[in-house]
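J.:
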Amino acid sequence: MIDRPDRRTRRQRGKSDPIDAEAAARAVLAGTATAVPKRRDGIVESIRALRTARRGAVKARTAAINQLKALLVTGPASLREALDGRSTPALVVACARLRPDQTALADPVQGTKAALVVVASASSCWTRRSP
């Protein structure tokens, strides 16, 4: 890990990545770079891992809800009308409860229902639950 670039050098020579890289390399070679790398243990590392997992789950939940709504927008009108006007949590629950006819998936209504069930089931595991 390298210390912050020297301000005087940056003002004199300019501010750019190549100049900063050269200054960092010179600092290492001269032995003036004395920064200690961050430790990867203890509570800070636990918090980092938990935040990373949460960030990924929120991103996946958002993607699933966006996909669910896109399927409805482009899906058959009868399905769109049946599920219209619901809040997002209610929409997820309603889509997860759909029961497509597995023998008639060539029908756009049944195919869309099957897709909605899969996406809603995936997004429902990330929905917020009240205590």
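Heads up: the sequence shown begins at 972 in my numbering, then just goes up one per residue.
Ideal placement from N, C-alpha and C gives every residue a C-beta, glycine not left out.
Count the other C-beta atoms from every protein chain shown that fall within 10 angstroms of the C-beta of Val1063, then say buried if there are 16 or more, exposed otherwise.
T.: buried
J.: Could you say if the region 1079-1096 and the region 1037-1049 meet the contact criterion of at least three C-beta pairs nearer than 8 Å?
T.: The region 1079-1096 vs the region 1037-1049: in contact.
J.: From Glu993 to Gly1027, what distance separates their C-alpha atoms?
T.: 36 Å
J.: Alpha carbon to alpha carbon, what distance is there between Ala1085 and Arg1070?
T.: Those two C-alpha atoms are separated by around 8 Å.
J.: Taking the continuous alpha helix (DSSP H) assigned at Lys1040, which residues delimit it?
T.: 1014-1045
J.: Check for me: the alpha helix (DSSP H) holding Arg1011 runs from which residue to which?
T.: Taken as a continuous stretch (DSSP letters only), Arg1011 belongs to no alpha helix (DSSP H), as it is neither H nor E.
J.: Exposed or buried, which one is Thr1083 when buried takes at least 16 other CB atoms within 10 Å?
T.: buried
J.: Helix, strand or coil for Val1088, going by three-state DSSP, please let me know.
T.: helix
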